[in-house]
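A.B. asks:
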Amino acid sequence: MDSNILVLCGTAASIGLIHTALGPDHYLPFIMMGRARKWSLTRTAQITFLCGLGHVLSSVILGLIGYFVGIQVMKLNAFEAFRGSIAAWLLIGFGFAYFLWGIHRAIRNKPHTHIHSHGGKGAHEHEHTHTHDHAHVHDEKSPNITPWILFTIFVFGPCEPLIPILMYPAAESSFFGMALVAAVFSLVTIATMMAIVMMTAWGVSFAKLGRLERYTHATAGAVICLSGLAIQLLGL
43 MDSNILVLCG TAASIGLIHT ALGPDHYLPF IMMGRARKWS LTRTAQITFL
93 CGLGHVLSSV ILGLIGYFVG IQVMKLNAFE AFRGSIAAWL LIGFGFAYFL
143 WGIHRAIRNK PHTHIHSHGG KGAHEHEHTH THDHAHVHDE KSPNITPWIL
193 FTIFVFGPCE PLIPILMYPA AESSFFGMAL VAAVFSLVTI ATMMAIVMMT
243 AWGVSFAKLG RLERYTHATA GAVICLSGLA IQLLGL
C-alpha cells in the first residue's frame, strides 16, 4: 500500500476523532433528546448511529461525484459550506421550536390536584400531571418524528475536512486509497459520536431532577438551538 495512503488514513482517524469531539452538534442533540424523550440506551444508540451514517455518507457521496465528474475541490468546498449553513439554521430552528413546545408542555403539565371518587368507598385526592405516571390516560401518543428531523439535519450537515484534506489527496494515488481513507474517517467519526453519546447518556440517566423534570424538553430545545448558533456564529 502507498505510504501516502497510510499517512492519510492516520490523519483521517485523527481528524475524525478531533473534529467530532470538538463539535457539540455531533452529540448534544442525542444526549438531550434521549433524556427528554426517555429513549432507552439502545434506541439512543440506534438513532445516533443512523444520523452519524447519514452525516458522513452525504459528504462521501458528494466527494465521489466530484471525483468521477471532475468537479474542482474549491467548488465542492463552497457547496459544503452552503450545506453547513443550512444544517446550522435547521438545528437552530428545530431547537428553538422544540424549546417553545417544551415551555408550553411544562406550563400545561404543571402538577395539580384531582379528587377521585370510588363508588361509595370514599374519595381521595392526589397530585399528578398529564404526561407522567398515573393510571388515567389523558393523551394519545402521537407519531414521533423527532429522529427523522435529526436525521434530515445531519444529512445536510457536511464533514468539512473530508473532501479537501482527505479524499482528493488520496485520489491522487488511487480510487481504492480514496475509499479507504473515507472509510477510516467515517468509522472513527461515527464511533466517536456513539462513544460520547452513550457514556454521557448513561451518566445522565441517573440524574433525578424532581419538579424540574417537566422542563427537560425545553432544556433540550435550548441546548440544541445553542449548538446550532455555535456552528453558525463560532464555526465549531
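All residue numbers for the sequence shown refer to this note's numbering, where the first residue is 43 and numbers rise by one.
Where a beta carbon is used, it is the ideal one built from N, C-alpha and C, also for glycine.
May I ask which residues mark the beginning and end of the alpha helix (DSSP H) holding residue 241?
C.D. replies: 217-246
A.B. asks: Hey, would you say residue 132 sits closer than 8 Å to residue 195, going by beta carbons?
C.D. replies: yes
A.B. asks: Could you tell me which of 264, 211 and 124 sits nearest to residue 45, measuring between CA atoms?
C.D. replies: For the options 264, 211 and 124, the alpha carbon positioned closest to that of residue 45 is the one of 211.
A.B. asks: Ignore the nearest five residues each way along the sequence and tell me which others in residue 58's own chain have a CB closer than 6 Å to its CB.
C.D. replies: Excluding its 5 nearest sequence neighbours in each direction, residue 58 has C-beta neighbours in its own chain below 6 Å: 227, 230 and 231, listed in chain order.
A.B. asks: Specify the secondary structure class of residue 275 as computed by DSSP and reduced to three states.
C.D. replies: helix
A.B. asks: Taking only runs that begin and end inside the stretch 83-129, name each unbroken alpha helix (DSSP H) of 4 or more residues, in chain order.
C.D. replies: 83-111
A.B. asks: Under a three-way DSSP split, which group does residue 255 fall into?
C.D. replies: helix
A.B. asks: Name the residue from 125, 81 and 64 whose alpha carbon lies nearest to the alpha carbon of residue 247.
C.D. replies: 81
A.B. asks: Taking 8 Å as the threshold (C-beta atoms), are residue 90 and residue 236 in contact?
C.D. replies: yes
A.B. asks: Check residue 135 in the structure and name its three-state DSSP category.
C.D. replies: In this structure, residue 135 counts as helix in the three-state DSSP scheme.
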